[in-house]
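**Q** Just so you know, the numbering used here puts 408 at position 412 of the sequence shown, and the rest follows in order with no gaps.
Right, I'll just put the structure down here and ask away after.
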Amino acid sequence: MRYSAIVLLMLINGPLAAQLKITAPHHPSRVIIKFKQKSPLLAIVGETDTGRAASITAASSPSLLAASFMRKHTLSSLAPLSHRPADREHPSGVGRIFLARVSDANALEAVLAGLNADENIEYAEPDYIGEGAGRRSGAHIENHPGDAIREGSTPDDPLFPQQWSLVNEGLPVNGVAGKVGADIQIRDAWELTTGAEEIIVAILDSGIPPETAEFSGRLVPGYDFVNDDDDPTDDFGHGSNVSSIAMARGNNGHVMAGVNWRSKIMPLKILDSNNRGLYSDWVKAVIFAADSGARVLNMSVGGRGNSIALWDAINYAKSKGAIVIASMMNTNSDVPYFPAAFEHVIAVGATNNRDERVVPFCWGQNSGSNYGDHIDFVAPGEWILGLYHLNPSQTNYWCGTSQATPLVSGLVSLMLSIADTLTFDDVYAILKASSRDRVGPAQEDTTGWDPYFGWGRIDAATALNALKVGINEITDRPPVDYALLQNYPNPFNPGTTLRYRLPKTSFVTLRVFDILGREVATLVDGVQHGALHEVRWQASEQLAGGVYFYQIKAKPFDGTPVYQATKRMILLR
-3 MRYSAIVLLM
7 LINGPLAAQL
17 KITAPHHPSR
27 VIIKFKQKSP
37 LLAIVGETDT
47 GRAASITAAS
57 SPSLLAASFM
67 RKHTLSSLAP
77 LSHRPADREH
87 PSGVGRIFLA
97 RVSDANALEA
107 VLAGLNADEN
117 IEYAEPDYIG
127 EGAGRRSGAH
137 IENHPGDAIR
147 EGSTPDDPLF
157 PQQWSLVNEG
167 LPVNGVAGKV
177 GADIQIRDAW
187 ELTTGAEEII
197 VAILDSGIPP
207 ETAEFSGRLV
217 PGYDFVNDDD
227 DPTDDFGHGS
237 NVSSIAMARG
247 NNGHVMAGVN
257 WRSKIMPLKI
267 LDSNNRGLYS
277 DWVKAVIFAA
287 DSGARVLNMS
297 VGGRGNSIAL
307 WDAINYAKSK
317 GAIVIASMMN
327 TNSDVPYFPA
337 AFEHVIAVGA
347 TNNRDERVVP
357 FCWGQNSGSN
367 YGDHIDFVAP
377 GEWILGLYHL
387 NPSQTNYWCG
397 TSQATPLVSG
407 LVSLMLSIAD
417 TLTFDDVYAI
427 LKASSRDRVG
437 PAQEDTTGWD
447 PYFGWGRIDA
457 ATALNALKVG
467 INEITDRPPV
477 DYALLQNYPN
487 PFNPGTTLRY
497 RLPKTSFVTL
507 RVFDILGREV
517 ATLVDGVQHG
527 ALHEVRWQAS
537 EQLAGGVYFY
547 QIKAKPFDGT
557 PVYQATKRMI
567 LLR
């Protein structure tokens, strides 16, 4: 089950709301409140004389109405999670979400019940606590003779041969032989792109190392939401590992190679020195990333609290063109963790160097990559090396769905580097069509989607090749008045109309292809006179939803050049 705003509101405001007990970890005296758009309290609590939202108390409130509201619900302070007044008008309503402190921690559940019954409040929920989805193995990395860089190999980073998640040649990992090709197929992908500088990848985690050649010249301003300052230095190590898996500069002879070598990195610290974080900080970080132009948000974190505030923030980010990728977590169960269980989030599980779902991880016998009806894709997540936060010229191994997630984020950032107009739906359709299915054990990795591997292990080369083949709308220089028009409706299910203009009699072929370039239909194959033509295509029931392309080739009989054009359309199922 994927959770949406409607489901969460039913849970919070349903008939049993007053009887619900808070079972997920949460802060004992903090609650998240969203005011209704028409509430008279909203303008009062959300503005100061400077126009910038700030924290208020009942005593400091300039309004008797606001002070009365806070005393009624025993709130000691109230502060917005977004400082942009314009966000209040956004459909997600992120500008109406506030963080409040409760005077009596023992009365938290009663306060929440009262707030959810208040006519000014859309919802109120605990400030849940989540954690990073990976742990250090504790193993010390040594360069064994067999791990040496082979002469002339690319990239030339010293530890690249140990990065089996990128290129798996079957060498042992922690004494266990791997399966050749059980990796993300990155080498051929790098032939197409190693990243575009215009793309920003936000890493919402425990921070990054203060200085390293792997990130040099690529950092954009971030923030430390845990300590409320602009220094997101890593004090635990999780974020350094995760960020380097996705973004370490490759082929610079330094330490290791990430998936994306050139795009910008936005470090947002949302986990503390114990690898734990408050949802209120996660909400603020998601909004910050979206407002600051990040296209990919890596969230190698998760919590059991199904927060509608966090969902609102993710929905806001999606509306800004950002794509959120999150970890399934590591309890070897189908318990949903958030944000991975939300709609509009790509949920990632972990595999080992033999293409098996990881059970257990290197740090605990009761662990394992989570499964369930909200999983989307898997990627390598066991014995994955990354930068050591206290000395980023060294590395250490980590294990978890945290380590699988940045591989997917890195790939998505490469996809956007080729075609920056891709939407969430586009990206999802390409990943779905290009992922490797049935690579794992037959009892779990069954044909098509399954709750253990989702649509399969990501394949970077196939995904990027699909983009190069057809995602961009490519039109050769045509004779005057030839045109391939956009289909309508688009998206469609199951039928759509394709239109094109011919200025003169031509031999015409009109074909439909799937995301991998395979022909699925021939609609026209013959001579047609100059005119505006329409062709109706009814997608068969056997075709899966996703991105398709229609291509026209028109050869005039007067010796002028052949006209060719391709456009994209989306079949919804």
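Beta carbons: idealized from backbone N, C-alpha and C, even for Gly.
Buried or exposed: L274, going by 16 or more other Cβ atoms within 10 Å of its Cβ?
**A** Looking at its Cβ environment, which holds 16 or more other Cβ atoms inside 10 Å, L274 is buried.
**Q** Look at the alpha carbon of R84 and the alpha carbon of R131, and state the distance between them as a whole number of angstroms.
**A** Their Cα atoms are separated by approximately 38 Å.
**Q** Given a cut-off of 8 Å on the beta-carbon distance, is the pair N161 and W359 in contact?
**A** As written in the sequence, residue 161 is Ser, which differs from the Asn given in the question. Not in contact: S161 and W359 (Cβ atoms no closer than 8 Å).
**Q** Just to confirm the assignment, what range does the alpha helix (DSSP H) spanning D184 have?
**A** D184 -> alpha helix (DSSP H) spans I182 to W186.
**Q** Count the other CB atoms within 10 Å of the CB of P157; is the residue buried (16 or more) or exposed (fewer)?
**A** With 16 or more Cβ atoms within 10 Å of its Cβ, P157 is classed as buried.
**Q** Just tell me which of R300, R67 and A415 has its CA closest to the CA of G110.
**A** Measuring from the Cα of G110, the nearest candidate turns out to be R67.
**Q** So M324 is in the alpha helix (DSSP H); what residue range does that whole segment cover?
**A** Taken as a continuous stretch (DSSP letters only), M324 belongs to no alpha helix (DSSP H), as it is neither H nor E.
**Q** Which same chain residues, not among the five before or five after P552, have their C-beta less than 6 Å away from its C-beta?
**A** Taken in chain order, the residues that qualify are K500 and S502.
**Q** What does the Cβ neighbour count give for K34, buried or exposed, with the cut at 16 atoms within 10 Å?
**A** The residue is exposed, with fewer than 16 neighbouring Cβ atoms inside 10 Å.
**Q** To which residues does DSSP link V543 through a beta bridge?
**A** Paired residue(s): I566.
**Q** Quick one: grab the DSSP three-state call for G142.
**A** Note on G142: pLDDT 37, under 50, position unreliable in the model; the coordinate value appears next. Of the three classes helix, strand and coil, the one that applies to G142 here is helix, per DSSP.
**Q** Report yes if the C-beta distance between L381 and T391 is below 8 Å; otherwise report no.
**A** Contact: yes.
**Q** Helix, strand or coil, according to DSSP, for R97 in the structure here?
**A** Residue state, collapsed to three classes: strand.
**Q** Rounding to the nearest angstrom, what Cα-Cα distance links S239 and E339 in this structure?
**A** Those two C-alpha atoms are separated by around 24 Å.
**Q** Between the C-alpha atoms of R571 and W533, what's the straight-line distance to the nearest angstrom?
**A** With the chain represented from -3 up to 569, any question about residue 571 goes unanswered, as that position is not in the structure.
**Q** Since F284 is in the beta strand (DSSP E), which residue starts that stretch and which ends it?
**A** Where F284 is concerned, there is no enclosing beta strand (DSSP E), although the alpha helix (DSSP H) it sits in stretches over Y275 to D287.
**Q** Shortest alpha-carbon distance to E118 belongs to which of A103, Y124 and G89?
**A** The residue with the shortest Cα to Cα distance from E118 is G89.
**Q** To which residues of the same chain is G191 closer than 7 Å at the C-beta, ignoring the five residues directly before and after it?
**A** Contacts found: N256, W257, R258, S259, S409, L410 and S413.
**Q** Measuring CA to CA, which of G126, I511 and L104 is closest to N271?
**A** Per the Cα distances, G126.
**Q** Sort Y484, N328 and L506 by Cα distance to N366 and report the nearest one.
**A** Cα-wise, what sits closest to N366 is N328.
**Q** Just to confirm the assignment, what range does the beta strand (DSSP E) spanning S25 have?
**A** S25 -> beta strand (DSSP E) spans H22 to F31.
**Q** Beta strand (DSSP E) containing V341: first to last residue?
**A** Residues V341 to T347.
**Q** Tell me whether A120 sits in a helix, a strand or coil according to DSSP, three-state version.
**A** Reduced to three states, the DSSP call for A120 is strand.
**Q** Checking 8 Å against the spacing of the C-beta atoms, do T401 and S430 come in under that value?
**A** No, these two residues do not count as a Cβ contact at 8 Å.
**Q** Beta-carbon separation of I266 and F373 under 8 Å?
**A** Not closer than 8 Å, so no.
**Q** Secondary structure at R67, three-state DSSP: helix, strand or coil?
**A** DSSP places R67 in helix when its eight states are reduced to three.
**Q** Is the Cβ-Cβ distance between I304 and E193 less than 8 Å?
**A** No, these two residues do not count as a Cβ contact at 8 Å.
**Q** Between N294 and A242, how many whole angstroms is the CB-CB distance? I'm expecting something under 8 Å.
**A** N294 to A242, Cβ: 6 Å. Contact.
**Q** Taking DSSP as the reference, what is the three-state secondary structure of A113?
**A** DSSP places A113 in coil when its eight states are reduced to three.
**Q** Please classify N362: is it buried, with 16 or more other beta-carbons within 10 angstroms of its beta-carbon, or exposed?
**A** The residue in question, N362, is exposed, as its Cβ has fewer than 16 Cβ neighbours within 10 Å.
**Q** What is the DSSP secondary structure of G522, reduced to helix, strand or coil?
**A** If DSSP states are grouped into helix, strand and coil, G522 belongs with the strands.
**Q** Looking at C-alpha atoms only, which residue of N247, D201, L215 and D226 is the closest neighbour of W186?
**A** Closest option to W186, Cα to Cα, is N247.
**Q** Taking the C-alpha atoms as reference points, what is the distance between V292 and V197?
**A** Distance between the alpha carbons of V292 and V197: 5 Å.
**Q** On a CA-only basis, which of P24, A20, P76 and S25 is nearest L37? Give me that one, please.
**A** Of the candidates P24, A20, P76 and S25, the one whose C-alpha sits nearest the C-alpha of L37 is P76.
**Q** Quick check on H86: does DSSP put it in helix, strand or coil?
**A** Here H86 sits in coil by DSSP.
**Q** Buried or exposed for H22, please, with buried defined as at least 16 other CB atoms from any protein chain shown within 10 angstroms of its CB.
**A** Buried: at least 16 other Cβ atoms inside 10 Å.
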